[in-house]
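Student:
Chains as they are written, first to last, in this note's numbering: chain A, 731 to 915; chain B, 124 to 438.
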């Protein structure tokens, strides 16, 4: 939690970058993300340690597979809304709506449209973000307004859904359906 | 009689082709002619290459041949290192095999990630990312910043500003996947990203910015004192995708390409080479901030380019 607050403070010092003040509505969300990170750490503790680099790409595959299996076990029964609770989802939706209606909205739309079209993919929790699908860039100006996340957890956009993805396992932690305008689906 | 004539003809064709093959390195040598100054920093630039298909392999062969003439010691990648599936076999077929002669010769690769890359690539040793999605390193008087333009969050921006501020290097070079300026029909510029990065580049004297994403080569006219290049055709190619605009200084979108750069003192020489070994663009850039002290007239272009080959076939 302290780390999240620190990131927010550091971010607010970037020259010329509009920053939002920490928003009390997102405290519960940040706590739930922190709980997920603890769970992932626990899952990782039983796996062989990943060095900062390896020559053998198979080790990367093996570890990712093992991590996916373990996290899925620990999050058995996880469902949409566990992290993005209805109240938090509403707060995100409001924030995103304001962003797209505001002065940065056109740029944010362009960023999403500049990505590759993503079609025919139904999102659900604990699913792996498919490796054949490219990532849509999360508009950086929007990203700066969303609650900061710890390392290796990130926001992703898929069609009009806002996803929370674990970049170590590629697992979809949770998502908000139709949080964004459908620009690139 | 007729059969003998046919045989002679076949032999002549084979001999002609063999001669061409033997002369190929010489031909290439005549196309690639960087200054090769002593103690210069020499590198190659590739982007959007990881298809594992014929064009990637052909271009990799050109890079290997070019290195015989221009011995670059490292390669930077502008993202989309591995397209599609991302298993161990893909790392082999789309990276380790095509660039094997370079890797075996000790050439280091410093990767950045594109929208098709898996974050796990950070841990792949030959990419030299050491587990980081963004990182910095120095080669003599040139400081390189490999950024993750897929996810430009507050943490990365803060890191970049801090690193730029504390960099005492003569040259600052940033590279990442999404271009801030582009004349591409398919994608176009990442203006949202530009809004955040450009002020930092200007404030801290970044000289050169290299990006991919667009599947062509484009040299952008200097924007606010910063030189921008797109090299996203080192495997992928989107023919005729450049919509020539008032920011286009030069472009090439009819075949795959890669770049070689040479930093020597206050000069940076660049050459862009096609899949067939043709030099498609070249020139010299003076380090920003020094232009007033050079002999160039105030209004002189800071980039001097080669003549006939400096433009793509825009017909």
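Backbone N, C-alpha and C define an ideal beta-carbon position, used for all residues, glycine too.
If you're wondering where the values come from, they're calculated on a predicted model, not measured in any experiment.
In its own chain, which residues sit with a C-beta less than 8 Å from the C-beta of residue 810(A), not counting the 5 before and 5 after it?
Tutor: For this step, residue 810(A) is matched to residue 80 along the first chain. Same-chain partners within the cutoff: 854, 855, 904, 905 and 907.
Student: I'd like to check one pair, residue 901(A) with residue 859(A): are the Cβ atoms closer than 9 Å?
Tutor: Mapped onto the first chain, residue 859(A) falls at position 129. Mapped onto the first chain, residue 901(A) falls at position 171. Result yes, Cβ atoms of residue 859(A) and residue 901(A) sit closer than 9 Å.
Student: Alpha carbon to alpha carbon, how far is residue 344(B) from residue 285(B)? Give it in angstroms, no decimals.
Tutor: If you number the second chain from 1, residue 285(B) lands on position 162. If you number the second chain from 1, residue 344(B) lands on position 221. Going from the Cα of residue 285(B) to the Cα of residue 344(B) covers about 28 Å.
Student: Does residue 338(B) have its Cβ less than 9 Å from a Cβ in chain A?
Tutor: Here residue 338(B) refers to the residue found at position 215 when the second chain is read from its first residue. No, no contact with chain A.
Student: Establish whether the CB of residue 917(A) and some CB of chain B are separated by less than 9 Å.
Tutor: No answer is possible for residue 917(A): it lies beyond the span of chain A, which begins at 731 and ends at 915.
Student: Considering only C-alpha positions, which residue in the set 197(B), 250(B), 291(B) and 313(B) is nearest to residue 272(B)?
Tutor: For the purposes of this step, residue 272(B) is identified with residue 149 of the second chain, where counting begins at 1. Checking every option, the nearest Cα to that of residue 272(B) belongs to 313(B).
Student: Could you compute how far the alpha carbon of residue 876(A) sits from the alpha carbon of residue 228(B)?
Tutor: Walking along the first chain from the start, residue 876(A) turns up at place 146. Walking along the second chain from the start, residue 228(B) turns up at place 105. Rounded to the nearest angstrom, the two C-alpha atoms are 46 Å apart.
Student: On the three-state DSSP scale, how would you describe residue 354(B)?
Tutor: Position 231 of the second chain, counted from the start, is the residue given in the question as residue 354(B). Strand, per DSSP.
Student: For residue 248(B), decide whether its Cβ has a neighbour in chain A, counting only Cβ atoms nearer than 9 Å.
Tutor: On the second chain, position 125 is the one that residue 248(B) refers to. Answer yes: the Cβ-Cβ gap between residue 248(B) and chain A drops below 9 Å somewhere.
Student: I want to see whether chain B comes within less than 9 Å of residue 893(A), judged by CB atoms only; does it?
Tutor: Residue mapping note: residue 893(A) aligns to position 163 of the first chain, counting from 1. Output row for residue 893(A): interface = no.
Student: For the region 192–219 of chain B, list every residue whose C-beta sits within 7 Å of some C-beta in chain A, in sequence order.
Tutor: Of all residues in the region 192–219 of chain B, 207, 208, 209, 210, 211 and 214 have a Cβ within less than 7 Å of some Cβ in chain A.
Student: Mind checking if residue 239(B) is an interface residue toward chain A, Cβ cutoff 9 Å exclusive?
Tutor: Numbered from 1 along the second chain, position 116 holds the residue referred to as residue 239(B). Output row for residue 239(B): interface = yes.
Student: Confirm, please, whether the CB-CB distance from residue 821(A) to residue 755(A) is below 9 Å.
Tutor: Locating residue 755(A) in the first chain gives position 25, where the first residue counts as 1. Locating residue 821(A) in the first chain gives position 91, where the first residue counts as 1. Taking 9 Å as the Cβ cut-off, residue 755(A) and residue 821(A) qualify as a contacting pair.
Student: Hey, out of 398(B), 161(B), 169(B) and 276(B), whose CA is closest to residue 387(B)'s CA?
Tutor: Reading the second chain from its first residue, position 264 is the one you call residue 387(B). For the residues 398(B), 161(B), 169(B) and 276(B), the minimum Cα distance to residue 387(B) belongs to 161(B).
Student: Of the choices 910(A), 911(A), 881(A) and 843(A), whose alpha-carbon is the least far from that of residue 771(A)?
Tutor: Numbered from 1 along the first chain, position 41 holds the residue referred to as residue 771(A). Per the Cα distances, 881(A).
Student: So, helix, strand or coil for residue 189(B), using DSSP?
Tutor: If you number the second chain from 1, residue 189(B) lands on position 66. In the structure shown, residue 189(B) adopts helical secondary structure according to DSSP, grouped into three states.
Student: Shorter than 9 Å from the beta carbon of residue 221(B) to some beta carbon of chain A?
Tutor: Taking the first residue of the second chain as position 1, residue 221(B) is located at position 98. Judged by the 9 Å Cβ criterion, residue 221(B) is not in contact with chain A.
Student: Using a Cβ cut-off of 7 Å, pull out every chain B residue sitting near residue 884(A), in sequence order please.
Tutor: On the first chain, position 154 is the one that residue 884(A) refers to. Here the neighbours are 274.
Student: Would residue 302(B) be called buried (16 or more neighbouring beta carbons within 10 Å of its own) or exposed?
Tutor: Start at 1 with the first residue of the second chain, and residue 302(B) comes out as number 179. Buried is the call here.
Student: Which stretch, first to last residue, makes up the alpha helix (DSSP H) that contains residue 801(A)?
Tutor: By 1-based counting over the first chain, the position of residue 801(A) is 71. Note, residue 801(A): alpha helix (DSSP H), 787–804.
Student: Residue 865(A) touches chain B at which residues, Cβ-Cβ below 7 Å?
Tutor: Position 135 of the first chain holds residue 865(A). By Cβ distance, chain B contributes 238 and 273.
Student: Relative to the C-alpha of residue 338(B), which candidate in 365(B), 400(B) and 232(B) has its C-alpha closest?
Tutor: Reading the second chain from its first residue, position 215 is the one you call residue 338(B). Ranked by how close their Cα comes to the Cα of residue 338(B), the residues 365(B), 400(B) and 232(B) have 365(B) in first place.
Student: With 16 other CB atoms within 10 Å as the buried threshold, where does residue 889(A) fall?
Tutor: Counting from one through the first chain, the residue named residue 889(A) turns up at place 159. With 16 or more Cβ atoms within 10 Å of its Cβ, residue 889(A) is classed as buried.
Student: What residues are listed by DSSP as bridge partners for residue 166(B)?
Tutor: Looking up residue 166(B) in the second chain gives position 43. Its beta-bridge partners are 197(B) and 384(B).
Student: Could you spell out where the beta strand (DSSP E) holding residue 439(B) opens and where it closes?
Tutor: Because residue 439(B) is not part of the residues shown, which for chain B are 124 to 438, the question remains open.
Student: In whole angstroms, what is the alpha-carbon distance linking residue 253(B) and residue 269(B)?
Tutor: In the second chain, residue 253(B) corresponds to position 130, counting from 1. In the second chain, residue 269(B) corresponds to position 146, counting from 1. Cα to Cα, the separation comes out at about 12 Å.
Student: Thinking residue 395(B) and residue 409(B) are a contact (beta carbons under 8 Å), I'd like their distance in whole angstroms, please.
Tutor: For the purposes of this step, residue 395(B) is taken as the residue at position 272 of the second chain. For the purposes of this step, residue 409(B) is taken as the residue at position 286 of the second chain. Not really, about 19 Å apart at Cβ, beyond 8 Å.
Student: At a CB-CB cut-off below 7 Å, which residues of chain A make contact with residue 253(B)?
Tutor: Working through the second chain from its first residue, we reach residue 253(B) at position 130. The contacting residues are 782 and 783.
Student: Give the straight-line distance between the Cα atoms of residue 369(B) and residue 830(A), rounded to the nearest whole angstrom.
Tutor: Here residue 369(B) is taken as the residue at index 246 of the second chain, counted from 1. Here residue 830(A) is taken as the residue at index 100 of the first chain, counted from 1. C-alpha separation (whole angstroms): 29 Å.
Student: What runs of the alpha helix (DSSP H), each 4 residues or longer, lie entirely inside the region 825–906 of chain A?
Tutor: Runs found: 835–843 and 870–873.
Student: Closer than 7 Å, Cβ to Cβ, to anything on chain A: give me those residues from the region 304–324 of chain B, in chain order.
Tutor: 310, 311, 313, 314, 315, 316, 318, 319 and 322
Student: What span of residues does the alpha helix (DSSP H) with residue 813(A) cover, start to end?
Tutor: Against the first chain, residue 813(A) aligns to sequence position 83. Unbroken run through residue 813(A): none, as it is neither H nor E.
Student: Apart from the five residues just before and just after residue 249(B), which ones in its own chain have a Cβ nearer than 6 Å to its Cβ?
Tutor: Along the second chain, one-based indexing puts residue 249(B) at 126. Counting only Cβ-Cβ distances below 6 Å, and skipping sequence neighbours, we find 232.
Student: Is residue 153(B) close to chain A, meaning its C-beta is less than 9 Å from at least one C-beta of that chain?
Tutor: By one-based count along the second chain, residue 153(B) stands at place 30. Any reading at residue 153(B) needs caution, since the residue's pLDDT is 48, under 50, leaving its predicted position unreliable; the model's value is listed next. Taking Cβ atoms only, chain A never reaches closer than 9 Å to residue 153(B), which makes this a no.
Student: Under a three-way DSSP split, which group does residue 734(A) fall into?
Tutor: The sequence position of residue 734(A) within the first chain is 4, counting from 1. Only weak support exists for where residue 734(A) lies, its pLDDT of 40 falling under 50; the value from the coordinates is given anyway. The answer is helix: DSSP assigns residue 734(A) an H, G or I state.
Student: For residue 331(B), collect the residues of the same chain with a Cβ closer than 6 Å to its Cβ; drop the 5 residues on either side in sequence, then sort them by chain order.
Tutor: Position 208 of the second chain, counted from the first residue, corresponds to residue 331(B). The answer, listed in chain order, is 296 and 350.
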